[in-house]
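Numbering (the working numbering), first residue to last: 11 to 95.
Here a beta-carbon is modelled for each residue, glycine too, at the ideal position from N, C-alpha and C.
As the structure is a prediction and not an experimental result, all values here were calculated from the model.
Beneath this line is the structure, given in structure tokens, with notes to follow.
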Amino acid sequence: MQTKKTKLIYSVFSGTLYETPEDDVSLLDIGHLPLIHNPKNNCKKCFNKRHLGRDINNFTYTICSCIKNIIDLDLIKKNIPISNI
């Protein structure tokens, strides 16, 4: 049986990490960020919560720099649809 590759995703709406198949990354919402690798477990800024608190105005979590540094920006750019303006 062939196993599918998975991609680690961080959700700014729930503040959690989860895995999804790489084929489904293009279907994710804007608040779900693909990561390059697992975050390290020694962040002194967020104490491994991966967020700095919840924003009550838009109901999202403020991302810590330990997550900002490992966001897969190339994958996000690849999945953005280009519109003909």
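Taking the alpha-carbon positions, what's the residue i to residue j distance?
i      : j     : result
ASP33  : SER75 : 27 Å
LYS15  : ILE66 : 35 Å
ILE40  : ILE90 : 10 Å
LEU37  : THR26 : 18 Å
ASP84  : LYS50 : 21 Å
LEU62  : ILE92 : 33 Å
LYS87  : ARG60 : 23 Å
ASN58  : HIS42 : 18 Å
CYS56  : TYR28 : 19 Å
ILE100 : VAL22 : Residue 100 lies beyond the stretch modelled for the chain, which goes from 11 to 95, so this question has no answer here.
Between the Cα of residue i and those of the options, spot the shortest distance and give me the residue it belongs to.
i     : options             : result
THR13 : SER24, LEU83, THR30 : THR30
SER24 : ASN68, LYS87, ILE80 : ASN68
CYS53 : ILE77, SER21, LEU45 : ILE77
ILE81 : LEU45, VAL22, TYR28 : LEU45
Decide if residue i is buried, meaning its Cβ has at least 16 other Cβ atoms within 10 Å, or exposed.
i     : result
HIS47 : exposed
TYR20 : buried
By Cβ distance below 7 Å, which residues in the same chain neighbour residue i in space, the five residues on each side in sequence not counted?
i     : result
ARG64 : TYR71
VAL35 : LYS17, PRO44, LEU85, ASN89
Going by DSSP, what residues sit across from residue i in a beta bridge?
i     : result
SER21 : HIS42
GLU29 : LEU18
THR70 : ASP65
ILE81 : LEU45
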